[in-house]
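First the structure, in the form of structure tokens, and then the observations on it.
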Amino acid sequence: MRHGWGSGVPRYRSTADPTLGSWTAALPAGDASMRPASGNSCGASLAECSRAHNFSFLETATPGTWIYVAKSSAGFGQSGRGTQVGTLGGGWSAQVDHGGSGGLTGCCGHSTATTMLDQGGSVLFLRSTSGGENTYYRRSTDGGLSWGPLINAYAPDLAGLTTSAPVGLFVPAYGRELVWYAGWGGAESAARVLPLWTASHTYADTGTIRLFGSAGGDLPQPNTAPVVDLGPDIQVRAREAFAFTGVFTDPDPGDSWTGTVDFGDGGPAEALAIRDHAFTVTHTYAAAGTYVLTARIMDAAGAVGTDSLTVTVTQTRAPLIFVPGFGGSQLVATATRSRTITTSEGTSKQVSYSAGELIWLNEFRVGQTLIDPEFFDVLRFNDDGTPPAPNDFATNGELNRLGYPDVEATLREAGYVRDQTYFLFTYDFRFGAETWVQQLDDLVIRALVTNPGAPGVDIVAHSMGTLVTRAYLTNGIHAGNVRAAVLMGGPLLGTLQGSKAALAGQCLWKKGPICVLREQTSQYILRTLPGGLELGVSEAWYDLFRGQDREHPVAYVDRTLRSGPASSGNDYAALREAELARAAGAVALFQAEAFHEDDLGSSRDRASAPSPK
6 MRHGWGSGVP RYRSTADPTL GSWTAALPAG DASMRPASGN SCGASLAECS
56 RAHNFSFLET ATPGTWIYVA KSSAGFGQSG RGTQVGTLGG GWSAQVDHGG
106 SGGLTGCCGH STATTMLDQG GSVLFLRSTS GGENTYYRRS TDGGLSWGPL
156 INAYAPDLAG LTTSAPVGLF VPAYGRELVW YAGWGGAESA ARVLPLWTAS
206 HTYADTGTIR LFGSAGGDLP QPNTAPVVDL GPDIQVRARE AFAFTGVFTD
256 PDPGDSWTGT VDFGDGGPAE ALAIRDHAFT VTHTYAAAGT YVLTARIMDA
306 AGAVGTDSLT VTVTQTRAPL IFVPGFGGSQ LVATATRSRT ITTSEGTSKQ
356 VSYSAGELIW LNEFRVGQTL IDPEFFDVLR FNDDGTPPAP NDFATNGELN
406 RLGYPDVEAT LREAGYVRDQ TYFLFTYDFR FGAETWVQQL DDLVIRALVT
456 NPGAPGVDIV AHSMGTLVTR AYLTNGIHAG NVRAAVLMGG PLLGTLQGSK
506 AALAGQCLWK KGPICVLREQ TSQYILRTLP GGLELGVSEA WYDLFRGQDR
556 EHPVAYVDRT LRSGPASSGN DYAALREAEL ARAAGAVALF QAEAFHEDDL
606 GSSRDRASAP SPK
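Heads up: the sequence shown is residues 6 to 618, going by the working numbering.
What follows is the structure, given as structure tokens:
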């Protein structure tokens, strides 16, 4: 670079000759947007001093963009300096005035101003005061368009010295920026090399050489980069959050650190919360694969330590479907209607409900049954085991919270997420179990689509839900995708309590000693429901259980209801006879018997079943 005398606009030459023997013709460095170059009023030092202060250039971290240092309007004797940003031969930004001369000391001219790049690509503006009393810098993180505050190297005044300009550079071996400074005058000389400072330093005289800092204590010492340790490679599952702790060491005293982690899955790096040389990483990978996780720790001097580990992400665990038992699904009204029903007492009653109203199990309605015990007769089917037309009730997809208060909380604690990794299969439990095969098949497909690559679907079922699951495993089109089925309390051969409910009713809800949903009402409803009658004992019960122990008694039979002397009272025929005599719907009972037909396999298999011991 050189000054274009007469025009006031700097000119430049360039060369690709490594010997510097040949150069291009001089070209204007810019246009009228550049401030004219001029030197200090240097007094007795005259021209050489003045020319030293004319101007300087620095290419920023962005190739082709330059910083131009020239005079500004500030300072005694026009020794103020400012910066502009632009391109060689092009336009330049407005000048930022950095002051000078009396701006700090109240007299005299400051040293030549210069610029440098730090290790992060920021631009530093460097200058010293007239007598060596101070050296200062300002930092720009946007390539010279704006600048941070002025930072002094040291506070105490020194003896007056004539100083040259400070020169800055980044030295990789030290992992930090250094400022070189020299001065002379009188009987003393001063020389220093110091790291870029963050606060004022003291100084000490050592003969004719002046070292700034505590007896040279601010001379640069090699900075040690942090050593990061993430530990061994890990394996996690897709769509499940994981956490682990990384640590690092750094022997440099008084250091501070910042850090980031890149999970290698295309997302942005995240800041680390560092505490006591440790940090905790949490993340969820969306898909299976192999990812490289990298943590980066940087100390206050800009030295960086990194460590990486390989994260093997396996397919998500199988999604889970929970199938509740009889009465475990909420039923809501699908229409607003007033109906006249026949109660268990043989009277007529007007019942009203609104669309969307929770019917089963509505605690307010339960409370009303203390006064009006017949409201839930609206859930009764016709005597032939078919629902009244129209059927105004359907599940709303939620569990009866009185029957299953903790299921969802337990699943969430185990890491499952509703409608992502666990699903509720609710159904109108009044119908037979086989009614719901197609709907359960649809939910299995939905669970697999929501969890691509899953090894299958797990089903957990309770009570009547085990009959629904059994029907699905037998007849479901996609039942082969069920990886595991857990059947809890499954009445696969029916239950004694189910038979009793059809014969005499069950108290379905108690408050203290009071039966809120009384036996008479429950028997009136349950004896018409295929889903209810499927809970009664099947013929296969008698093939296995003949009262041989207390755990497997003969099914309950009200002997007074036997129709003839041929009935022994302790076989299935007697039980069926009793159920029909108590007005169990023949169609509903037939559906229940059809479901249980293969309780022990085919009829032939059942005939050859071993006798219980």
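Here a beta-carbon is modelled for each residue, glycine too, at the ideal position from N, C-alpha and C.
Regarding S77 and the ligand MG, is the C-beta to nearest heavy atom distance less than 7 Å? The ligand MG is absent from the structure shown, which contains no ligand whatsoever.
Count the CB pairs spanning the region 251-265 and the region 287-296 that are closer than 8 Å, and state whether there are at least three. no
Near G96, what residues of its chain come up, given a Cβ to Cβ distance below 8 Å and the 5 sequence neighbours on each side ignored? Taking the sequence shown and counting its residues from 1, one reaches residue 96 at position 91. If we look at G96 and ignore the five residues flanking it on each side, its Cβ neighbours are G35, D36 and S38.
I need the DSSP call for G310, collapsed to helix, strand or coil. As a position in the sequence shown, residue 310 is number 305, starting the count at 1. Note: G310 maps to strand in three-state DSSP.
Measure the Cβ-Cβ separation of G590 and D433 and say whether it is below 8 Å. Numbered from 1 along the sequence shown, position 585 holds the residue referred to as residue 590. Numbered from 1 along the sequence shown, position 428 holds the residue referred to as residue 433. No, the Cβ-Cβ distance between G590 and D433 is not below 8 Å.
Decide if V454 is buried, meaning its Cβ has at least 16 other Cβ atoms within 10 Å, or exposed. The count along the sequence shown starts at 1 and reaches residue 454 at position 449. Looking at its Cβ environment, which holds fewer than 16 other Cβ atoms inside 10 Å, V454 is exposed.
Which whole-angstrom value is the C-beta distance of T622 and G458, which I expect to be below 8 Å? One cannot answer for residue 622 here, as it falls past the ends of the chain, which runs 6 to 618.
Per-residue DSSP class, three states only, for F249: Sequence index remark: in the sequence shown, residue 249 carries index 244 (1-based). Correct three-state label for F249: strand.
So what's E379 in DSSP terms, helix, strand or just coil? For the purposes of this step, residue 379 is taken as the residue at position 374 of the sequence shown. E379 falls in the coil class under three-state DSSP.
Cβ pair count under 8 Å reaching 3, the region 337-349 against the region 441-449: no
Which same chain residues end up closer than 8 Å to A571 when comparing Cβ atoms and leaving out the 5 residues on each side of it in sequence? Taking the sequence shown and counting its residues from 1, the one referred to as residue 571 is at position 566. With a pLDDT of 41 at A571, under the threshold of 50, the modelled position of that residue is not reliable, and the figure given next carries that caveat. Excluding positions up to five away in sequence, the list is empty.
What residues in its chain sit with their C-beta under 6 Å from that of R144, if we drop five residues either side in the sequence? Taking the first residue of the sequence shown as 1, we reach residue 144 at position 139. Answer for R144: S127, L129 and G153, listed in chain order.
With a threshold of 16 other CB atoms inside 10 Å of the CB of V297, please say whether the residue is buried or exposed. Counted from its first residue, the sequence shown places residue 297 at position 292. V297 should be labelled exposed.
Alpha carbons only, please: which of T67, T119 and R385 is nearest the one belonging to Q525? Within the sequence shown, numbered from 1, the residue matching residue 525 stands at position 520. It is R385.
Cβ of T479 within 8 Å of Cβ of P324? In the sequence shown, counting from the first residue as 1, residue 479 sits at position 474. In the sequence shown, counting from the first residue as 1, residue 324 sits at position 319. The answer is no: Cβ separation not under 8 Å.
Residue range of the beta strand (DSSP E) that L513 falls in? Indexing the sequence shown from 1 puts residue 513 at position 508. It is not in any beta strand (DSSP E) - L513 carries neither H nor E in the DSSP assignment.
What residue does the beta strand (DSSP E) around M39 start on, and which one ends it? Along the sequence shown, one-based indexing puts residue 39 at 34. Here M39 belongs to no beta strand (DSSP E), and DSSP marks it neither H nor E.
Are the Cβ atoms of R523 and R587 separated by less than 8 Å? Residue numbering aside, residue 523 sits at position 518 when the sequence shown is read from its first letter. Residue numbering aside, residue 587 sits at position 582 when the sequence shown is read from its first letter. Cβ distance not < 8 Å, so R523 and R587 don't count as in contact.
Here's the rule: buried if 16 or more other CB atoms are within 10 angstroms of the residue's CB, otherwise exposed. What is R18? Your numbering for residue 18 matches position 13 in the sequence shown. R18 is exposed by the Cβ-count criterion.
Cβ shell of E64 (< 6 Å), same chain only, five flanking positions each side left out: Position 59 of the sequence shown, counting from 1, holds the residue named residue 64. If we look at E64 and ignore the five residues flanking it on each side, its Cβ neighbours are W71.
Which residue from W262, L404, Q335 and Y421 puts its Cα closest to that of N456? Stepping through the sequence shown from its first residue, residue 456 is reached at position 451. Among W262, L404, Q335 and Y421, the Cα nearest to that of N456 belongs to Y421.
Just curious, the beta strand (DSSP E) that E403 is in, first and last residue? Within the sequence shown, residue 403 is the residue found at index 398, counting from 1. F398 to L404 is the extent of the beta strand (DSSP E) around E403.
With a 10 Å radius around its C-beta and 16 neighbouring C-beta atoms as the bar for buried, classify T565 as buried or exposed. As a position in the sequence shown, residue 565 is number 560, starting the count at 1. With a pLDDT of only 43 at T565, under 50, the local geometry of the prediction cannot be trusted, and no value is derived from it.
Return helix, strand or coil for F595, following the three-state DSSP convention. Taking the first residue of the sequence shown as position 1, residue 595 is located at position 590. If DSSP states are grouped into helix, strand and coil, F595 belongs with the helices.
Cα-Cα separation between R215 and G310, rounded to whole angstroms: Counting from one through the sequence shown, the residue named residue 215 turns up at place 210. Counting from one through the sequence shown, the residue named residue 310 turns up at place 305. With a pLDDT of 47 at R215, under the threshold of 50, the predicted position of this residue should be treated as unreliable, and no value is reported.
Below 8 Å between beta carbons: does that hold for W441 and G499? For this step, residue 441 is matched to residue 436 along the sequence shown. For this step, residue 499 is matched to residue 494 along the sequence shown. No; because the gap between Cβ atoms is not below 8 Å, this pair is not in contact.
Less than 8 Å separating the beta-carbons of E403 and T431? For the purposes of this step, residue 403 is taken as residue 398 along the sequence shown, with counting starting at 1. For the purposes of this step, residue 431 is taken as residue 426 along the sequence shown, with counting starting at 1. Contact flag set, yes.
Which partner residues does H651 have in the DSSP bridge list? Given that the chain is displayed from residue 6 to residue 618, the structure contains no residue 651 and the question cannot be resolved.
Please state whether DSSP places Y427 in a helix, a strand or coil. Sequence index remark: in the sequence shown, residue 427 carries index 422 (1-based). Y427 falls in the strand class under three-state DSSP.
Would you call R280 buried or exposed, if buried means 16 or more other Cβ atoms sit within 10 Å of its Cβ? As a first step, residue 280 is located in the sequence shown; it is residue number 275 there, counting from the start. When all chains shown are included, R280 counts as exposed.
Based on DSSP bridge pairs, tell me the residues matched to Y529. Residue numbering aside, residue 529 sits at position 524 when the sequence shown is read from its first letter. Beta-bridge pairing links Y529 to no other residue.
Is the region 325-335 close to the region 467-481, with three or more CB pairs under 8 Å? yes
If you check the beta carbons only, do F268 and H288 fall under 8 Å apart? Along the sequence shown, read from residue 1 onward, the residue named residue 268 stands at position 263. Along the sequence shown, read from residue 1 onward, the residue named residue 288 stands at position 283. Closer than 8 Å, so yes.
Tell me whether P225 sits in a helix, a strand or coil according to DSSP, three-state version. Along the sequence shown, one-based indexing puts residue 225 at 220. Below a pLDDT of 50, predicted positions are generally treated as unreliable, and P225, at 46, falls in that range; the measurement from the model is reported next regardless. Three-state DSSP puts P225 in coil, outside helix and strand.
Thinking just about the alpha-carbon of each residue, which of R475, P41, G94 and S98 is nearest to the one in E78? For the purposes of this step, residue 78 is identified with residue 73 of the sequence shown, where counting begins at 1. Checking the displayed sequence, the identity of residue 78 turns out to be Ser instead of Glu. S78 has its Cα closest to that of P41, out of R475, P41, G94 and S98.
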